[in-house]
Structure formats: structure tokens, C-alpha cells
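Protein sequences appear in the order of chains A and B. Residue numbers for the first sequence follow the working numbering, beginning at 598 and rising by one. Residue numbers for the second sequence follow the working numbering, beginning at 53 and rising by one. In what follows, a single structure is set out as C-alpha cells and then discussed.
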Amino acid sequence: EDKVVQSPLSLVVHEGDTVTLNCSYEVTNFRSLLWYKQEKKAPTFLFMLTSSGIEKKSGRLSSILDKKELFSILNITATQTGDSAIYLCAVRSGGSNYKLTFGKGTLLTVNP
Amino acid sequence: DTAVSQTPKYLVTQMGNDKSIKCEQNLGHDTMYWYKQDSKKFLKIMFSYNNKELIINETVPNRFSPKSPDKAHLNLHINSLELGDSAVYFCASSQGGGAAKNIQYFGAGTRLSVL
């Protein structure tokens, strides 16, 4: 069975701090890894990674994938209170059914 | 315009009742999904349809029955509701195909409370 493990499960920081969220996975026939941000409602898409070593960046957020070691990290620099959310990692494995397996998420709280 | 919309947003009902949740997407995607998010925020796939054909059917009680009248709609019907069905149910859609197209877009969720 495919498995996605995120750490830490929760994290409390102060505005301006830099955080690193971790995601490790065990899946058969890896296809892609996705990061989502979930505030009060729908998870919203952040990044999709398919190749090792290529950093994806959007503003203060960046992410990278290591397919050899089977993990990804999501970095947030200069955190703001608006970054407070659950960050979800999901992996798409082989087959034609487009199934995503999600981790349990990291709850990030950014205090002023 | 909401890309993936679910109705209702909140649903409070008694044990044993039958209820439906509707989902519509206007993104032109051909694949739709239902996820269940429990109280610990764990998001788990339940069903997926591609062009009206069921392609994912995880281990879900057969009280749950999805129905896709067309590729823009995927409804979820739940019979004989139980306390353990209380959760937030998310609908999502994606454009099938290669990895580059497999970004799933989520609706705002339906919070189901079974009393």
C-alpha cells in the first residue's frame, strides 16, 4: 500500500522565521508529488514535482524533490501570519487511475 | 466563478437517513473525485470517475454510491447514515493524462454531521 509521511505534524513559529516541512513516501511506480495548502476550506494547489533536484519556487515558497531518497521538502521563508494553514503532501503512483495518496499534513501556525 | 462547487456546504442529519451531496466542475476536466477528510484532517480518496466511468473505488462501505451523469458532475449518495460518516467530504477534478495534467482542484467541502 502506498504511504506518505509528513513531519512535523505541527509547528509553531514567529513571523519572519523560515520553516521546512518534510514529506517522505513509499509508493509503487512514482509519478509525481504535489503540495497543497489548506486553510479553512479547500486544499489549494502549490507545486507539482516530477524530477529530482529541480526546485520549484513561488514567492517565499519553494520545494524540491529527491527521488533517490524518496522525499520532498517545502520551504517557506520570512513567514507571515497568512501562511498559517495545514500543508498537505500527496503522491501520485503508477497506473491509469490518477490516484493521489495524501499524508496527514503539517499544521503550521505563524504567530505575530 | 467557482471552478469546483459542492452543495450543500453543511449537512446535519439523523442516523439512518439517506442524503446526497452534489458536485459540479466548470474546468472542462474529465476526471472527478470524492475524498473524505476525518476529524484528524486526514484526506483519503473514496471514488474517482473518468469520463463517467468509475476508475477508483477504494474500500468504502456500499452505503456510499457515487453517480456521474456527465463528466462535469459527480454526486455522492449515502444510505443509512452512521455516526462514523461525520466528516468533511471534498470533491475534486483534474484533467486526465500525463503527470503534468494531474493537478487536482478541490471544492470547498461539505461538512456532514450525523447525530
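Every residue gets a Cβ at the ideal spot worked out from N, C-alpha and C, and that includes glycine.
Starting from the C-beta of residue i, find all residues in its chain whose C-beta is less than 7 angstroms away, skip the five residues before and the five after it, and write them out in chain order.
| i | result |
| --- | --- |
| B:Thr59 | Lys74 |
| B:Asp137 | Ile130, Leu164, Val166 |
| A:Lys701 | Gln603, Leu606 |
| A:Gly691 | Thr625, Asn626, Arg628 |
| A:Val609 | Thr706, Asn708 |
Could you check if residue i is buried or exposed, using at least 16 other CB atoms within 10 Å of its CB as the buried criterion?
| i | result |
| --- | --- |
| B:Tyr62 | exposed |
| B:His81 | buried |
| A:Arg657 | exposed |
| A:Gln677 | exposed |
| B:Leu79 | exposed |
| B:Glu105 | exposed |
Can you tell which of the options has the C-alpha that lies nearest to the C-alpha of residue i?
| i | options | result |
| --- | --- | --- |
| A:Leu618 | A:Glu636, A:Ser659, A:Asn626 | A:Ser659 |
| A:Ile673 | A:Leu667, A:Lys665, A:Ile661, A:Lys600 | A:Ile661 |
| B:Met67 | B:Glu134, B:Ser146, B:Phe158 | B:Glu134 |
Please work out which residues of its chain come closer than 6 angstroms, Cβ to Cβ, to residue i, disregarding the five sequence neighbours upstream and downstream, and give them in chain order.
| i | result |
| --- | --- |
| B:Tyr85 | Ser100, Ala144 |
| A:Tyr622 | Val601, Leu667, Val688 |
| B:Asp90 | Ala139 |
Could you round the C-beta distance between residue i and residue j to whole angstroms and report it? I think they count as a contact, below 8 angstroms.
| i | j | result |
| --- | --- | --- |
| B:Leu95 | A:Phe642 | About 13 angstroms separates the two Cβ atoms, so there is no contact after all. |
| B:Gln77 | B:Val64 | Actually they are not in contact, since the Cβ atoms of B:Gln77 and B:Val64 sit about 26 angstroms apart, beyond 8 angstroms. |
Please determine whether the Cβ atom of residue i lies at a distance below 6 angstroms from any heavy atom of the ligand SAH.
| i | result |
| --- | --- |
| B:Asn78 | The ligand SAH is not part of this structure, which contains no ligands at all. |
Just to confirm my understanding: we take residue i, look at its own chain, exclude 5 residues before and 5 after, and list those with CB closer than 8 angstroms. What are they?
| i | result |
| --- | --- |
| A:Phe644 | Leu631, Trp632, Lys653, Ser655, Leu658, Ser660, Leu671 |
Open item on the list: What ranges does the beta strand (DSSP E) occupy inside the region 116–151 of chain B, keeping only unbroken runs of at least 3 residues that lie completely in it?
Closed with: Here the runs fully enclosed are 116–122, 125–130, 139–146.
TODO: For the region 651–699 of chain A, list the beta strand (DSSP E) runs that are entirely contained and at least 3 residues long, ordered along the chain.
DONE: 653–655, 658–663, 668–673, 682–690, 697–699, all fully within the region 651–699 of chain A.
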